[in-house]
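Okay, structure first, notes after.
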Amino acid sequence: MEYSYVAYNKDRSLIKGKIAAENETAARKLIDFSGYQLISLKANAGLINWKVLNTNLSSVKPKEIIMFSRQLALLLESGTDIITSLELLQEQVADKTLRNVLSEITNDIRGGSSLSSAMSKHPKIFQNIYYKAVAVGEKGGNLETVLRHMADFLEKQALTRKKIKGALSYPVMVSVVALLVVGVIVVFVLPTFIGLYASLSVEVPAMLTALLAFIDWFKANILLVLLVVLAIAGGIFAYIRTEKGRYRFDRMKLKLPVIGRILQLTELSQAARTISMLFGVGLPLPEIMNLTIG
């Protein structure tokens, strides 16, 4: 959860800021550890429903990475060394996977690695954009600023994904309901009408007779049909996971009416936001373009 705070820093200057923590007690502990004298602490209203968010690039929820980035930035800003900061955050992190990764990163740093180099060993947790931006922050001496930029970037990315899911959920739900209604009509209602035709000694149209025969066959072979459908779906899913299949699938999505346009605008917005963030932390333009395209 995110909290807004007002405090005195070590120079007795009044400062305001935000901090992410699991609860109010954890937030107060982090602020006290940073050497600030807390005046007020208030929980911010959540803008994102983290439960519906996920990422294909990470086995840890975006919420955890964002909280970690903000907390590490705060600790480094207060003058705490990187190893002590990571050890403290290991106690605060709720996600077991991230906690284990932070332990490995801490050990790597003790062995002489940089933070960015240690993070690069965990690409499923920290994207290449993340640890390369961290490397720039290490070289420029503004690591805490880079971490705040990354937290803001990931938060906006997560919020965008939430909005897309919200925009697409309604048409998907309507389509599913429509298919269910059609299925009920074809399987249960139509046979009743065809039986009514037959009882009235009225000639049943050939198309309806063929449809009834298909329905009877479908009912008798429903397990076989389900197995075939699952096999086809599995084959399509496996193909999409290949580079060629993913490329064709993405092209197909962009050609969809309405949805394709939404996806195009979303990707352009994401690319612009990525370029802006990476340029802001000091990456050279050629590397920025490679990271954005990748």
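The sequence shown runs 1112 to 1405 under the numbering used here.
We put the beta carbon where it would ideally sit given N, CA and C, even for glycine.
Roughly how many whole angstroms lie between the Cα atoms of residue i and residue j?
i            : j            : result
residue 1253 : residue 1259 : 10 Å
residue 1120 : residue 1186 : 13 Å
residue 1380 : residue 1403 : 12 Å
residue 1229 : residue 1249 : 13 Å
residue 1321 : residue 1288 : 26 Å
residue 1265 : residue 1359 : 27 Å
residue 1126 : residue 1117 : 6 Å
residue 1193 : residue 1242 : 15 Å
residue 1389 : residue 1293 : 50 Å
residue 1273 : residue 1184 : 26 Å
residue 1113 : residue 1296 : 50 Å
residue 1267 : residue 1235 : 19 Å
residue 1138 : residue 1261 : 20 Å
residue 1197 : residue 1396 : 31 Å
residue 1205 : residue 1226 : 21 Å
residue 1115 : residue 1283 : 38 Å
residue 1412 : residue 1148 : The question about residue 1412 has no answer here: the residues shown for the chain are numbered 1112 through 1405.
residue 1329 : residue 1299 : 12 Å
residue 1275 : residue 1343 : 27 Å
residue 1352 : residue 1323 : 39 Å
residue 1130 : residue 1220 : 25 Å
residue 1263 : residue 1140 : 23 Å
residue 1356 : residue 1291 : 29 Å
residue 1361 : residue 1307 : 48 Å
residue 1171 : residue 1326 : 46 Å
residue 1189 : residue 1256 : 12 Å
residue 1240 : residue 1232 : 13 Å
residue 1238 : residue 1301 : 54 Å
residue 1365 : residue 1316 : 42 Å
residue 1191 : residue 1345 : 50 Å
residue 1385 : residue 1401 : 11 Å
residue 1203 : residue 1222 : 23 Å
residue 1367 : residue 1347 : 18 Å
residue 1124 : residue 1217 : 32 Å
residue 1128 : residue 1251 : 23 Å
residue 1150 : residue 1369 : 50 Å
residue 1122 : residue 1152 : 20 Å
According to the neighbour-count rule (16 or more other Cβ atoms, all chains shown, within 10 Å of its Cβ), is residue i buried or exposed?
i            : result
residue 1363 : exposed
residue 1318 : exposed
residue 1341 : exposed
residue 1387 : exposed
residue 1215 : exposed
residue 1354 : exposed
residue 1333 : exposed
residue 1135 : exposed
residue 1303 : exposed
residue 1285 : exposed
residue 1145 : buried
residue 1382 : exposed
residue 1336 : exposed
residue 1311 : exposed
residue 1175 : buried
residue 1399 : buried
residue 1142 : buried
Name the DSSP bridge partner or partners of residue i?
i            : result
residue 1114 : 1130, 1154
residue 1119 : 1125, 1148
What distance in whole Å lies between the Cβ atoms of residue j and residue i, which are believed to be in contact at a cut-off of 8 Å?
i            : j            : result
residue 1269 : residue 1173 : 5 Å
residue 1247 : residue 1339 : Not confirmed; about 52 Å, so no contact.
residue 1271 : residue 1195 : Actually they are not in contact, since the Cβ atoms of residue 1271 and residue 1195 sit about 35 Å apart, beyond 8 Å.
residue 1244 : residue 1394 : 7 Å
residue 1200 : residue 1213 : 6 Å
Let me check you understand the geometry: is the CB of residue i closer than 6 Å to at least one non-hydrogen atom of the ligand NAP?
i            : result
residue 1302 : Ligands displayed in this structure: none; no statement on the ligand NAP is therefore possible.
Q) Below 8 Å, can you find three or more Cβ-Cβ pairs linking the stretch 1204 to 1217 to the stretch 1172 to 1179? A) As far as the Cβ criterion goes, the stretch 1204 to 1217 touches the stretch 1172 to 1179, which means the pair count is three or higher.
Q: Count the C-beta pairs between the stretch 1367 to 1378 and the stretch 1274 to 1286 that are closer than 8 Å, then say yes if the count reaches three, no if not.
A: In short, these stretches touch, since the Cβ pair count reaches three.
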